[in-house]
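J.: Can you keep this structure in mind? I'll have questions shortly.
Residue numbers (the numbering used here): 35 to 166.
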């Protein structure tokens, strides 16, 4: 049986989690642990609203899992997201977003000095990587 990319990602996460299907189902909010088996087999789709809990439980990147599911289940929407938002983000872009969010949590966003210097450093790294 051929599995979907989303199902393959989830199956790998389940295998590496060390958790039982019942434990995963409880943490994610599935009533029946058999739902996980159906997702693994590609017989049912992952409800998009369960992806954050599923990703966290399985130690998967939420954005990657969500984008994989949207690309598979809703390719038209995925195309619009890619065109409109420039998705998927590169690792460098994700790093900038994480830095910005961490600064926002601390209520300490100073675009003039520290954040600007961090962005300049990332841009220098990007340029150096392109020249290789």
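Glycine residues also receive a C-beta, built at the ideal position from the N, C-alpha and C atoms.
Do residue 118 and residue 80 have their CB atoms nearer than 8 Å?
T.: Result no, Cβ atoms of residue 118 and residue 80 do not sit closer than 8 Å.
J.: Quick one: give me the first and last residue of the alpha helix (DSSP H) that residue 91 is part of.
T.: First-last of the alpha helix (DSSP H) with residue 91: 85 to 92.
J.: For the putative contact between residue 77 and residue 51, defined by C-beta atoms under 8 Å, what is the C-beta separation to the nearest angstrom?
T.: About 20 Å separates the two Cβ atoms, so there is no contact after all.
J.: If contacts are defined as beta-carbon pairs under 8 Å, then residue 62 and residue 82 qualify, I think. What distance do you get, rounded to the angstrom?
T.: 13 Å between Cβ atoms; not a contact.
J.: Is residue 115 near residue 123, with beta carbons less than 8 Å apart?
T.: Not closer than 8 Å, so no.
J.: Tell me which same chain residues have a C-beta within less than 8 Å of the C-beta of residue 43, skipping the five on either side of it?
T.: Closer than 8 Å at the Cβ level, and outside the excluded window around residue 43, lie 94, 98, 99 and 102.
J.: Could you compute how far the alpha carbon of residue 74 sits from the alpha carbon of residue 110?
T.: About 24 Å.
J.: Taking the C-alpha atoms as reference points, what is the distance between residue 85 and residue 96?
T.: If I take the Cα positions, the gap works out to 7 Å.
J.: Please state whether DSSP places residue 100 in a helix, a strand or coil.
T.: Looking at residue 100 - three-state DSSP - the assignment turns out to be helix.
J.: Between residue 48 and residue 70, is the Cβ-Cβ spacing less than 8 Å?
T.: Result yes, Cβ atoms of residue 48 and residue 70 sit closer than 8 Å.
J.: Counting along the chain, where does the alpha helix (DSSP H) carrying residue 55 start and finish?
T.: Residues 55 to 62.
J.: Alpha carbon to alpha carbon, what distance is there between residue 151 and residue 131?
T.: If I take the Cα positions, the gap works out to 15 Å.
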